[in-house]
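If you read the protein sequences in the order shown, they are chains F and L. The first sequence begins at 324 in the working numbering and counts up one residue at a time. The second sequence begins at 126 in the working numbering and counts up one residue at a time. Scroll down for the structure; my scribbles are underneath it.
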Amino acid sequence: MTTPFPLLRLPRLALIPVFQQMESIDVIAFSLLSNRARFMSKTHGLTVTSIDIMTVNHSLVLDIVLGDDKKLQLFLRLIPENVLDFIGVLVNNKIVKWRNLGFSRAECIQRIMDVTNCASIQELKFCETESFHALPILATLPNIEQILITQDCNEGFVHKMFEILSKVTSNIDVFQNRMENLEQFQKVLMLNMNSITIKLMTPRDPTRLRLSLDDLLICNAVHLDLFGVMISVKDLNRFFMSWMRNKSNPRLEHLKFITVEEVSTDVLLKGLNVIEMPRTTTRTFRVYENSRCREKVVTGGMDVMRLDGTQATLEVRAMTRITFVEFYVRM
Amino acid sequence: MTSPASSSEVKYLIESSEGNTFDVSGAALRQSNTFNAMFLNIGADGPIPFTDYNEATLKKVFEYCEHSVNEENYSGPKHQDDLSKWDLNFFNEMDQKMFIDVINASNFLDIERLTSYCCERIARMLRGKNTQEMIKVITLPTAEELEAKQKVEEKKAAAAKKVAEKAAETAEKTETLEELPVQQLVQTTRNKLTRKYLSFSNE
Numbered sequence: 324m325t326t327p328f329p330l331l332r333l334p335r336l337a338l339i340p341v342f343q344q345m346e347s348i349d350v351i352a353f354s355l356l357s358n359r360a361r362f363m364s365k366t367h368g369l370t371v372t373s374i375d376i377m378t379v380n381h382s383l384v385l386d387i388v389l390g391d392d393k394k395l396q397l398f399l400r401l402i403p404e405n406v407l408d409f410i411g412v413l414v415n416n417k418i419v420k421w422r423n424l425g426f427s428r429a430e431c432i433q434r435i436m437d438v439t440n441c442a443s444i445q446e447l448k449f450c451e452t453e454s455f456h457a458l459p460i461l462a463t464l465p466n467i468e469q470i471l472i473t474q475d476c477n478e479g480f481v482h483k484m485f486e487i488l489s490k491v492t493s494n495i496d497v498f499q500n501r502m503e504n505l506e507q508f509q510k511v512l513m514l515n516m517n518s519i520t521i522k523l524m525t526p527r528d529p530t531r532l533r534l535s536l537d538d539l540l541i542c543n544a545v546h547l548d549l550f551g552v553m554i555s556v557k558d559l560n561r562f563f564m565s566w567m568r569n570k571s572n573p574r575l576e577h578l579k580f581i582t583v584e585e586v587s588t589d590v591l592l593k594g595l596n597v598i599e600m601p602r603t604t605t606r607t608f609r610v611y612e613n614s615r616c617r618e619k620v621v622t623g624g625m626d627v628m629r630l631d632g633t634q635a636t637l638e639v640r641a642m643t644r645i646t647f648v649e650f651y652v653r654m
Numbered sequence: 126m127t128s129p130a131s132s133s134e135v136k137y138l139i140e141s142s143e144g145n146t147f148d149v150s151g152a153a154l155r156q157s158n159t160f161n162a163m164f165l166n167i168g169a170d171g172p173i174p175f176t177d178y179n180e181a182t183l184k185k186v187f188e189y190c191e192h193s194v195n196e197e198n199y200s201g202p203k204h205q206d207d208l209s210k211w212d213l214n215f216f217n218e219m220d221q222k223m224f225i226d227v228i229n230a231s232n233f234l235d236i237e238r239l240t241s242y243c244c245e246r247i248a249r250m251l252r253g254k255n256t257q258e259m260i261k262v263i264t265l266p267t268a269e270e271l272e273a274k275q276k277v278e279e280k281k282a283a284a285a286k287k288v289a290e291k292a293a294e295t296a297e298k299t300e301t302l303e304e305l306p307v308q309q310l311v312q313t314t315r316n317k318l319t320r321k322y323l324s325f326s327n328e
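Right, dumping it as structure tokens:
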């Protein structure tokens, strides 16, 4: 039967099984038709595993992983204005166009989140030099689990982005080789984030991003991951000393520092009064890895104690051309 | 009321919105969970009233039930392509109005198999459609239609308000009218008594 069918005239109770039989993609498309359609679509109880957003090519790309593991990509063009009327949809390797029925981009994303019962965006990824036009739209989102900034984004944009979006996110992953304006960057470190990850593409470059002891001390994140960032071992040792005297970030639970340079354990452990634990000793700590908070079992390591009695475990692992320094605080 | 027959061929009388009654076999009726919940245990004394639905709709619904009596137990929705020729004919010969009525009745009677097939059929109409095509299929009202509907509703509300006001006025008048005869009666009685008293005193 392909003739018109007045679906909305069916009683609500009869509509529930109709939505149960519909494909998730069809329910999402249907929810964009009208307000009433949205309320009805919600009865379907559609769920998503995650919604990621990527800004690329002057577009917002919504990567939706549905509850049944089906994947769906929605392309929302930001410029030029005349293409606002359509939403590109990639499903089963086929691109179709949905006519946009008068929604702004922000409304469109919010409606999709609403009908899929998704409370937060899992990851927001910035892939362009600058995506200023995307920021006001993204600022309307209720919550973004993690923001990922690739190396292609310029510094000016990164600072502006933090200014606008820092309130709606709690995890930041920055891929930046250098920061000309370190003062601005220190503001980022001071934010009450759950995790801050800083990665560098050129870990041997002597002009790469360098953090001082002050930068580490002002950092307010619960999990701090530094990959290839330049920090002197002496500064790292002084940071641990400050932690022991209770003069550093009290929220810190995990610090991960990976460097290609040599780490002198003598300098690093000087004055820390570490107690080396046998390899049979295992401890479980909370870490933030791969965009998820999880528990990690640590064997051995060196225990240090803070003035207030809080214990932490320091782990130094030297591998070929790379050294891991990890600091876990027992909460 | 059950027709006297062998226990396997128990017949029930169904009453439609027109007040007409017709027979349905117990086996067919037992596919309705609503019937099972309401009548199966306590029994029906007289025709079972399904008076929200007309005879044609109920007959169509129970035609399906009678047909699927011998089918295996329902185990989730079946794809339209897996439907039998009889099933396809059953759906195709219905016009749209009848189809909607059948969905409503089937939903009320909670006949899982029929409801599921009907809903799958509707879901199929929307499958793979983009937003423009969906609007055409579900005949979503346009902005003008919505405006016209709103105007009609406003007019209706205004008319209802007028009627209510008139009713209130009438009620007030009735109250005064009811009071008048009593007062008149008292006055008349008083006059009569006065006249009587005067004539008596004159005598």
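Glycine included, C-beta positions come from ideal geometry on N, C-alpha and C. Treat the numbers as computed from the prediction; the structure is a model and nothing was measured.
- Residue burial annotation: residue 238 of chain L is buried, with at least 16 other C-beta atoms found within 10 angstroms of its C-beta.
- Shown here for residue 617 of chain F: same chain residues with a beta carbon closer than 7 Å to its own, the five before and five after excluded, namely 610 in chain order.
- The beta-carbon distance between residue 478 of chain F and residue 502 of chain F, rounded to whole angstroms, is 6 Å. This is short enough to meet the 8 Å contact definition.
- Counted as a single uninterrupted DSSP element, the alpha helix (DSSP H) harbouring residue 256 of chain L occupies residues 256-263.
- For residue 618 of chain F, the enclosing beta strand (DSSP E) has its first and last residue at 615-622.
- For residue 255 of chain L, the closest C-alpha among the options F:333, F:544, F:341 and F:420 is that of F:420.
- Restricted to the region 471-517 of chain F, the alpha helix (DSSP H) segments that are unbroken, complete and at least 4 residues in length are 478-488 and 505-512, listed in chain order.
- In the structure shown, residue 451 of chain F adopts coil according to DSSP, grouped into three states.
- Your pair residue 356 of chain F and residue 265 of chain L checks out as a contact, with CB atoms roughly 6 Å apart and the cut at 8 Å.
- Counting only the Cα atoms, residue 398 of chain F lies some 51 Å from residue 588 of chain F.
- For residue 563 of chain F, no beta strand (DSSP E) run applies; the uninterrupted alpha helix (DSSP H) run containing it begins and ends at 556-567, by DSSP.
- Comparing alpha-carbon positions, the option among F:327, F:486 and F:521 lying closest to residue 549 of chain F turns out to be F:521.
- Taken residue by residue, none of the region 386-418 of chain F has a beta-carbon sitting less than 7 Å from a beta-carbon on chain L.
- Considering only L:164, L:163 and L:149, the residue with the shortest C-alpha distance to residue 190 of chain L is L:149.
- Around residue 245 of chain L, the beta-carbon contacts reaching into chain F at under 7 Å are 344.
- By a beta-carbon distance limit of 8 Å, residue 438 of chain F contacts residue 364 of chain F. Their separation comes to about 5 Å.
- Remark: C-beta atoms of residue 462 of chain F and residue 383 of chain F do not approach each other more closely than 8 Å.
- For residue 411 of chain F, the secondary structure class from DSSP, reduced to helix, strand or coil, is strand.
- Taking 8 Å as the cut-off, the Cβ atoms of residue 235 of chain L and residue 141 of chain L do not count as close.
- Separation of residue 434 of chain F and residue 288 of chain L (C-alpha to C-alpha, rounded to the nearest whole angstrom) is 42 Å.
- In the same chain as residue 538 of chain F, and ignoring 5 residues on each side of it, the C-beta atoms closer than 7 Å to its own belong to 509 and 512, in chain order.
- Per DSSP, the unbroken alpha helix (DSSP H) holding residue 436 of chain F starts and ends at 428-438.
- Secondary structure at residue 399 of chain F: strand, using DSSP grouped into helix, strand and coil.
- The alpha-carbon separation between residue 192 of chain L and residue 247 of chain L amounts to approximately 22 Å.
- Residue range 645-652 is occupied by the beta strand (DSSP E) that includes residue 649 of chain F.
- Neighbours of residue 257 of chain L in chain F, taken as residues at a C-beta separation under 7 Å, are given in chain order as 422.
- Any Cβ of chain L closer than 8 Å to the Cβ of residue 438 of chain F would place that residue at the interface, and such an atom is absent.
- The contact set of residue 349 of chain F on chain L, defined by CB atoms closer than 9 Å, consists of 248, 251, 252, 253, 254 and 259 in chain order.
- The shortest CA-to-CA distance from residue 608 of chain F to any of F:584, F:390 and F:638 is the one to F:638.
- With fewer than 16 other beta carbons inside 10 angstroms of its own, residue 390 of chain F counts as exposed.
- A Cβ-Cβ distance of about 5 Å is found for the pair residue 472 of chain F and residue 497 of chain F, placing them in contact under the 8 Å criterion.
- Note that the region 366-377 of chain F touches the region 436-453 of chain F; at least 3 beta-carbon pairs, one per stretch, sit closer than 8 Å.
- Distance between residue 175 of chain L and residue 139 of chain L, taken at the CA atoms: about 7 Å.
- Along the region 634-647 of chain F, there is no position whose C-beta sits under 9 Å from a C-beta of chain L.
- By alpha-carbon distance to residue 540 of chain F, the top candidate from F:530, F:552 and F:559 is F:559.
- When the beta-carbon positions are compared, residue 329 of chain F and residue 263 of chain L come within less than 8 Å of each other.
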